[in-house]
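Student: Next up is a structure, given as structure tokens.
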Amino acid sequence: MDALSGNLPALWDGLVVTLRLTLLALAGAFAIGAVVATARVSPVPVLRAAGTVYVETLQNIPLLVLLILAVFGLPEIGVQAGLFTTAVVVIALYQAAYVAEALRSGINSVAAGQGEAARALGLTFTASLRHVVLPQALATVVQPLGNIVIMLTMNTSLAAAVGVVELTAAANRVNLIEAQPIPIFVGAGVAYMLLASVAGYVTGVLERRLAIVR
Amino acid sequence: MVHAPALSRMRRAALTVAAVVSMSAMAACSAEGGSPAVPPGAGAPETAAADAFANAPVAAASEILPGSTMEKIKQRGELIVGGSLDAPLLSQQNPVTGQVEGFDADLGKMLAKYIIGRPKVKIVNSASETREALLSNGTVDVVFQTYTITPERAEQVAFAGPYYTSGLAVAVKKGITGITKPEDLDGKTVIAGANTPAIPAIKKVAPNAEIVTFGSDPECVQALKQGRGVAYVQDQSLLVANGKSDPDLQVVGEPFTTDPYGIGLKHADDQMKTFVNGWLKKIQDAGLWQQAWKNSIGTVVQGEAPAPPAIGSVPGS
Numbered sequence: 197m198d199a200l201s202g203n204l205p206a207l208w209d210g211l212v213v214t215l216r217l218t219l220l221a222l223a224g225a226f227a228i229g230a231v232v233a234t235a236r237v238s239p240v241p242v243l244r245a246a247g248t249v250y251v252e253t254l255q256n257i258p259l260l261v262l263l264i265l266a267v268f269g270l271p272e273i274g275v276q277a278g279l280f281t282t283a284v285v286v287i288a289l290y291q292a293a294y295v296a297e298a299l300r301s302g303i304n305s306v307a308a309g310q311g312e313a314a315r316a317l318g319l320t321f322t323a324s325l326r327h328v329v330l331p332q333a334l335a336t337v338v339q340p341l342g343n344i345v346i347m348l349t350m351n352t353s354l355a356a357a358v359g360v361v362e363l364t365a366a367a368n369r370v371n372l373i374e375a376q377p378i379p380i381f382v383g384a385g386v387a388y389m390l391l392a393s394v395a396g397y398v399t400g401v402l403e404r405r406l407a408i409v410r
Numbered sequence: 025m026v027h028a029p030a031l032s033r034m035r036r037a038a039l040t041v042a043a044v045v046s047m048s049a050m051a052a053c054s055a056e057g058g059s060p061a062v063p064p065g066a067g068a069p070e071t072a073a074a075d076a077f078a079n080a081p082v083a084a085a086s087e088i089l090p091g092s093t094m095e096k097i098k099q100r101g102e103l104i105v106g107g108s109l110d111a112p113l114l115s116q117q118n119p120v121t122g123q124v125e126g127f128d129a130d131l132g133k134m135l136a137k138y139i140i141g142r143p144k145v146k147i148v149n150s151a152s153e154t155r156e157a158l159l160s161n162g163t164v165d166v167v168f169q170t171y172t173i174t175p176e177r178a179e180q181v182a183f184a185g186p187y188y189t190s191g192l193a194v195a196v197k198k199g200i201t202g203i204t205k206p207e208d209l210d211g212k213t214v215i216a217g218a219n220t221p222a223i224p225a226i227k228k229v230a231p232n233a234e235i236v237t238f239g240s241d242p243e244c245v246q247a248l249k250q251g252r253g254v255a256y257v258q259d260q261s262l263l264v265a266n267g268k269s270d271p272d273l274q275v276v277g278e279p280f281t282t283d284p285y286g287i288g289l290k291h292a293d294d295q296m297k298t299f300v301n302g303w304l305k306k307i308q309d310a311g312l313w314q315q316a317w318k319n320s321i322g323t324v325v326q327g328e329a330p331a332p333p334a335i336g337s338v339p340g341s
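As given, the protein sequences belong to chains A and B, one line each in that order.
Just so we're aligned, residue 197 is where the first sequence starts under our numbering, counting upward by one.
Just so we're aligned, residue 25 is where the second sequence starts under our numbering, counting upward by one.
Following this line, the structure appears as structure tokens:
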């Protein structure tokens, strides 16, 4: 236990990096995900195809491979950013594919009649999506989106493999000196669990609040 | 829209077929790799290593005490070693032969021969965060993995040896100036292998250095060349080997630490510790230790094999 309590500052720094990584990547993933989902349900075939290609490509390549490619491959063609920035961008792009699919399933759950009614009222594609379809769609997919938030939080640990000293890497470094993997990694695990339960709690509250009685 | 599910089902089927084909191709490859029909990688170190095992001693039956760990290993017919598969010169799997080669790997094989009578080892790929657990729960019998003896670790595991002393050195990209000693790294970004003793060592000599870590040695070299740090701190022999194959790399100064590597054993297994120390003494006296060094680290470091460190000479061993 001393191994854990004696190294709290180092682990805390790691936790802060994990949180920053999570929040920034989350913002990016939701923004890109919304755009991709819109493309996937749009009436324009080219956009639909582009959205499908995006989702299938990003979902079908493991995040670790993407991270290593971005960190070690991109500089070979002259694209190089800091490790933290690269990790944020890659995680955001990767998770955006999952966000897009969750959003799309929500959009598909809205009865076709709703969209038709919106169009009958003279709303444009964007307006009907914004005022009629998306509010109902989002309420349906609060839970899957919450799961994606948790998944993203856990996935930030992969950034440890490309030199970002987040919680997992910090735990590794502490363990290197203390040689007490069980308390240290259990401690890190508890921290991840707390992050995930916060996300789960917020999701639950949102779901109850946004529930649509049909 | 009606066609969409059918399409994706087809695509999924195609993907599955592709995956199965590539998997069976991989299986075929590894089957070939393991088959004796494939000629082993020809080369002097290979044959020399084989000779080393031919001369390696075998323990007298009286030394394998009844009920001991040694007896358990002998009955199993295989020594389970916690080690690496990706550490050049020390313990690296040859993709052609499937054999694990290097200094640590050869010592592991010699220890297996000493106990069992033939150099039969199974290497369990361990990592610095799992070594203590693997030893204490009996998944591995011994750990040969540049396992630096420290008093903290000695509370969790027992160390035979030290069997080798190494030191960390600094490498920079060729042409970089202003770094001549480890203290020059203070305030700079420094690359190190994740889970290597380099991390605490850098913190000690250069407390304000920012340490960036990557999982493997090639990744660290790549990161250094891409300018993700000004220097790379790693075991000197490894850096010398890298410098030989990569002219962009330059080792500056002499090693600045002394890391005694020990053979990790289950905590408080004094019988086994005495036994392994006895074996280590024997192979050192017979010149086999020196031969293993020459076949591995000696291929990149000039000169004769160094004098092995005195057994039990560091705190924790």
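Heads up, the beta-carbon is just placed ideally off N, CA and C, and yes, glycines get one too.
Starting from Lys249 (chain B), follow the beta strand (DSSP E) in both directions and report where the run begins and ends.
Tutor: Counting along the chain, Lys249 (chain B) falls outside any beta strand (DSSP E), though it belongs to the alpha helix (DSSP H) covering 241-249.
Student: Distance, Cα to Cα, Arg415 (chain A) vs Gly396 (chain A)?
Tutor: Because chain A here runs from 197 to 410, residue 415 (chain A) falls outside it and cannot be looked at.
Student: Tell me whether the beta-carbon of Gly247 (chain A) lies closer than 8 Å to the beta-carbon of Ala235 (chain A).
Tutor: yes
Student: In angstroms, rounded to a whole number, what distance separates the CA positions of Glu200 (chain B) and Leu279 (chain A)?
Tutor: Reading off the sequence, residue 200 (chain B) comes out as Ile, not Glu. Approximately 22 Å between the Cα atoms of the pair.
Student: Taking 8 Å as the CB-CB cut-off, is Phe280 (chain A) touching chain B?
Tutor: With 8 Å as the cut-off, Phe280 (chain A) does not count as an interface residue toward chain B.
Student: Report the rounded CA-to-CA distance for Gly309 (chain A) versus Ala365 (chain A), giving the unit in angstroms.
Tutor: 51 Å
Student: Determine the DSSP secondary structure at Gln116 (chain B), reduced to helix, strand or coil.
Tutor: strand
Student: Does Ile373 (chain A) get closer than 8 Å to chain B when you measure Cβ to Cβ?
Tutor: yes
Student: Quick one: which residues of the segment 354-371 of chain A get their C-beta closer than 9 Å to a C-beta of chain B? List them in chain order.
Tutor: Ala356, Ala357, Val358, Gly359, Val360, Val361, Ala365, Ala367, Asn368, Arg369, Asn371
Student: Whose CA, out of A:Ala245, A:Ala283, A:Val240, lies closest to the CA of Val261 (chain A)?
Tutor: A:Ala283
Student: Please list, in chain order, the chain B residues whose beta carbon lies closer than 7 Å to that of Gln276 (chain A).
Tutor: Against Gln276 (chain A), the close residues of chain B are Gln250, in the order they occur along the chain (beta-carbon pairs closer than 7 Å).
Student: Chain A partners of Ala182 (chain B), CB-CB under 8 Å?
Tutor: Neighbours of Ala182 (chain B) on chain A: none; closest Cβ ~13 Å, over 8 Å.
Student: Can you tell me whether DSSP reads Glu234 (chain B) as helix, strand or coil?
Tutor: Strand, per DSSP.
Student: Closer than 8 Å, CB to CB, is Phe321 (chain A) near chain B or not?
Tutor: no
Student: List, in chain order, every chain C residue whose beta-carbon is nearer than 8 Å to that of Pro377 (chain A).
Tutor: Of the protein chains in the structure, A and B, none is chain C.
Student: Less than 8 Å between the CB atoms is what I'm expecting for Val328 (chain A) and Gly311 (chain A), so what's the real figure, rounded?
Tutor: 7 Å
Student: Could you tell me whether the Cβ of Phe226 (chain A) comes closer than 8 Å to any Cβ of chain B?
Tutor: no
Student: According to DSSP, is Ala83 (chain B) helix, strand or coil?
Tutor: coil
Student: Once you ignore the five residues that flank Ala225 (chain B) on each side, which residues in its own chain have a CB closer than 6 Å to its CB?
Tutor: Leu192, Thr281
Student: Starting from the N-terminal side, write out each stretch of the beta strand (DSSP E) that is 3 residues or longer and does not extend beyond the segment 209-233 of chain B.
Tutor: 213-217
Student: Taking 8 Å as the threshold (beta carbon to beta carbon), is Pro271 (chain A) in contact with chain B?
Tutor: yes
Student: Listing by chain order, which chain A residues have their CB less than 9 Å from the CB of Asn219 (chain B)?
Tutor: Under a criterion of Cβ atoms nearer than 9 Å, the residues of chain A adjacent to Asn219 (chain B) are, in order, Asn368, Arg369, Asn371, Leu372.
Student: Among B:Ile88, B:Lys297, B:Lys205, B:Ile215, whose alpha-carbon lies nearest the alpha-carbon of Gly141 (chain B)?
Tutor: The shortest Cα separation from Gly141 (chain B) among B:Ile88, B:Lys297, B:Lys205, B:Ile215 belongs to B:Ile88.
Student: How is Pro333 (chain B) classed by DSSP in three states: helix, strand or coil?
Tutor: coil
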